[in-house]
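One structure is given below, encoded as structure tokens.
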Amino acid sequence: MAKPSERNRMMRDIAGVAMDEELTALRRKRADLARLAVQLDDMRWAAERFREQAEAFCREYAEPRSYITGALGMAPRETGMAFHAVAPDYARDGEAAHGSPASSPQ
2 MAKPSERNRM MRDIAGVAMD EELTALRRKR ADLARLAVQL DDMRWAAERF
52 REQAEAFCRE YAEPRSYITG ALGMAPRETG MAFHAVAPDY ARDGEAAHGS
102 PASSPQ
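So the sequence shown is residues 2 to 107, counted in the numbering used here.
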């Protein structure tokens, strides 16, 4: 049978390995979440640009939004995301939010 000091060392080694694995998993999770945050920012930016272009189209051709949704075959979910979802006002932020280091999560 191992001496108590040897058992304690083995237990510390086992705990150390487990902690290292857990820290690695947490770092990977944080990196994956950061990538999702960038995709979300890109999606919001694209939705805002689409909304602006769609409104310009509607003004220029005197067509309602329903014309765009029908012509593009937009599903109700897409219509909701494109026209009714709350998006940040990128123009107010001087367009610097998209793709800038300030917009990426820390």
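Note that the Cβ used here is the ideal one computed from N, Cα and C, for glycine as well.
Taking just the CA atoms, how far does residue j sit from residue i?
{"i": "residue 6", "j": "residue 46", "result": "59 Å"}
{"i": "residue 77", "j": "residue 55", "result": "16 Å"}
{"i": "residue 59", "j": "residue 44", "result": "22 Å"}
{"i": "residue 24", "j": "residue 30", "result": "10 Å"}
{"i": "residue 67", "j": "residue 52", "result": "13 Å"}
{"i": "residue 35", "j": "residue 16", "result": "28 Å"}
{"i": "residue 26", "j": "residue 48", "result": "33 Å"}
{"i": "residue 20", "j": "residue 3", "result": "24 Å"}
{"i": "residue 71", "j": "residue 85", "result": "16 Å"}
{"i": "residue 79", "j": "residue 50", "result": "15 Å"}
Return the chain-ordered list of same chain residues with a C-beta closer than 8 Å to the C-beta of residue i, the five sequence neighbours on each side being excluded.
{"i": "residue 75", "result": "69, 83"}
{"i": "residue 9", "result": "none"}
Using a Cβ-Cβ cutoff of less than 7 Å, which residues in the same chain neighbour residue i once the five nearest sequence positions on both sides are dropped?
{"i": "residue 40", "result": "none"}
{"i": "residue 62", "result": "none"}
Please list the terminal residues of the continuous alpha helix (DSSP H) segment that includes residue i.
{"i": "residue 44", "result": "5-62"}
{"i": "residue 77", "result": "77-80"}
Return the chain-ordered list of same chain residues with a C-beta closer than 6 Å to the C-beta of residue i, the five sequence neighbours on each side being excluded.
{"i": "residue 107", "result": "In this predicted model, residue 107 has a pLDDT of only 43, less than 50, meaning its place in the structure is not dependable; the value taken from the coordinates is given anyway. No residues qualify anywhere along the chain."}
{"i": "residue 96", "result": "Confidence is the limiting factor: at residue 96 the pLDDT is only 47, short of 50, which leaves the residue's position unreliable, though a coordinate-based value still follows. Same-chain partners within the cutoff: there are none."}
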